[in-house]
Amino acid sequence: MHCSVASTTAPRLIRSLPSTPSISPTDSGYPLAQSEVDADGVRVFQLSVIAGSAEFLPGVATPTWGYTDGRYGASYLGPTLRAARGERVRVLIENRLSEITTVHWHGMHLPAHSDGGPHQPIAAGERWQPEWSIEQPAATLWYHPHPHGETEAQTTRGLTGLFYLDDGSNSELPRRYGIDDIPIILQDRSFDSRGRFLLRDRAVTGLLGDTILVNGTYNPHLPVTTRLVRLRLLNASTARIYHLAFADEHEFAVIATDCGFLPALRRTRRLLLSPAERAEVLVEVRPSERLVLRSVPWDLDMITPLTNGAGGNDHLDLLQLRTGPSPAPSGRVPEQLDTAPTVTLDRVVARRTFQLDGREINGQQMEMSRIDTVVGAGTTELWTIQNTHNQPHNLHIHGVAFQIVPDGATSADPGLGWKDTVLLAAGESVRLAVAFPPYRDPLTPYMYHCHLMWHEDEGMMAQFTVVDPDQVGTAPRTLDVDHDHLAAGHDHG
Ligand code: C2O
Ligand code: CU
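Number 224 in the working numbering belongs to position 220 of the sequence shown; there are no gaps in the numbering.
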């Protein structure tokens, strides 16, 4: 649209060097956030949004942004927040940047005013204290900025963290943080000659980096000390789509998708993960084994030059798993898992169709003052998403979990998991059974949008409110929005 598109034809190949830094959370200082339970039983976290610098490439200081809880000192990424179903949580956030940001809880089911989308700006120097109750199954969620038009730039500078939810289910799985249950945050970056992150020269999907960072570490390895290891994968890239595989075709088992566990584990050798998607996988290792997690070419029905430009033919080494000579036993591989029941179409109260094309949803770009869709609290709807564009997009819906309903089927396919973000190849359609939250607020919208962050910034986003089911027809469709107050104040493009 307004920005120029760079198309690289040569596939990039990135190899691990022989001596590489470890990404074990204990070695890299990538810890769980500290929290305190106050007198009212609320679990309270503190996060400051800060600017600083970090060394990714040896000897090169890169200016970065990050979240700190005061103890975790790095200014890139943020600590992992963790809470249990049934708990009430509050996060005291201070924006120490010199521009507006927001903190969005991606995948969280919570009232719209705590969601952290573009309607909850935190001005420079200001604080924000969202509070909510955890009322959803165990999942690997995450947090990132969402200021209108600035999400790609702020995320690229380093604003990303994880938020784990526990519910006591499936307790036979490996679950020792950083030991046999490892966060894996996948990002790609390019650097300019002074070591700064490049924020221009986009492919059709957005900014693509030639350097992979895993948990903020360039050229990483993970020391594995147990025979079974659980990797919680997050694609926190702004545009890159990963097609994950091990270099030797080692099999792994998918146990969870974005919003919770699968009903049964799925053994595979390949896993496609688009920006914002998560997956939890179990990997069995042998003594003294070296396993390289890679990204291999993907095909999303786009013409070859565009596929090449979007990284679809890249072979990327992401992470080397290094097992010691005598790995310890840990957890076991269950065949069945506990998860939320499958949605059937007889529960559906409304059907809607959304078309993705160019940078638009149903022919329109995001408008902060326009409510595009109004849904009933606690209801289930069937959303058909049609990607009529000649490029891939994905769709993320705030505040919900959904299941995918195959064409012609009358219930969701439980094996495809509980999701909040779904990838669509060029020309593809999917049907989603979307379970909406109980939180009513006719004046505060949630977002649904393409999670390729450049597309989102360019307006490939829309807004919905959740209201009393009998007020769906009469709820407001426009909002009074103070644009000056919401703008991050940066020109881009
Ligand atoms: Cu991960 Cu609207 O965001
Ligand atoms: Cu898109």
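Positions of the beta carbon are idealized from the N, C-alpha and C atoms, including for glycine.
Being a predicted model, the structure only gives us computed values, none of them experimental.
- Query: In chain order, what residues of the same chain have a beta carbon less than 6 Å from the beta carbon of residue 107, not counting five sequence neighbours either side?
  - Reply: 97, 120 and 147
- Can you tell which of 414, 435 and 376 has the C-alpha that lies nearest to the C-alpha of residue 479? 376
- Task: Examine the Cβ distances between the segment 423 to 433 and the segment 442 to 449 and report whether three or more of them are shorter than 8 Å.
- Result: no
- Query: From this set, 74, 238 and 58, which residue's C-alpha is nearest residue 110's C-alpha?
  - Reply: 238
- Can you tell me whether DSSP reads residue 473 as helix, strand or coil? Looking at residue 473 - three-state DSSP - the assignment turns out to be helix.
- Item | Neighbourhood of residue 272 by C-beta distance below 8 Å, restricted to the same chain and skipping five residues each side | 255, 256, 257 and 258
- What is the chain-ordered set of residues for which the beta carbon lies under 5 Å from any non-hydrogen atom of the ligand CU? 397, 454, 456 and 459
- Item | Nearest to residue 245 (by Cα), restricted to the options 278, 112, 313 and 134 | 278
- Query: Going by DSSP, which residues form a beta bridge with residue 67?
  - Reply: 57
- Task: Take the Cβ of residue 309 as the centre, count every other Cβ of all protein chains shown within 10 Å, and call the residue buried at 16 or more, exposed below.
- Result: exposed
- If you drop the 5 nearest sequence neighbours on each side, which residues of the same chain put their C-beta closer than 6 Å to that of residue 201? 160 and 193
- Message: Short of 6 Å in beta carbon distance, which residues of its chain neighbour residue 64, apart from the five on each side in sequence? Order them along the chain.
- Response: 199
- For the segment 77 to 92 against the segment 130 to 139, are there 3 or more C-beta pairs whose distance is under 8 Å? Taking 8 Å as the limit for Cβ pairs, the verdict is that the segment 130 to 139 does touch the segment 77 to 92.
- Does the segment 312 to 329 come within contact of the segment 259 to 266, defined as at least 3 CB pairs closer than 8 Å? no
- Task: Leaving aside the five residues before and after residue 59 along the sequence, list all residues of the same chain whose C-beta is less than 8 Å from its C-beta, in chain order.
- Result: 65 and 66
- Limits of the alpha helix (DSSP H) - the one that residue 283 falls within: No alpha helix (DSSP H) contains residue 283, which is instead part of the beta strand (DSSP E) from 282 to 288.
- Query: At a cut-off of 7 Å, is residue 213 close to the ligand C2O when judged by its beta-carbon and the heavy atoms of the ligand?
  - Reply: no
- Message: Measuring only the C-alpha atoms, how far is residue 144 from residue 85?
- Response: Distance between the alpha carbons of residue 144 and residue 85: 10 Å.
- Cβ pair residue 54, residue 94 closer than 8 Å: no
- Message: Rounding to the nearest angstrom, what Cα-Cα distance links residue 304 and residue 207 in this structure?
- Response: 15 Å
- Message: Rounded to whole angstroms, what is the Cα-Cα separation between residue 481 and residue 474?
- Response: 15 Å
- Item | Own chain partners of residue 38 with C-beta closer than 7 Å, once the 5 adjacent residues on each side are dropped | Result list for residue 38: 73 and 75, in chain order.
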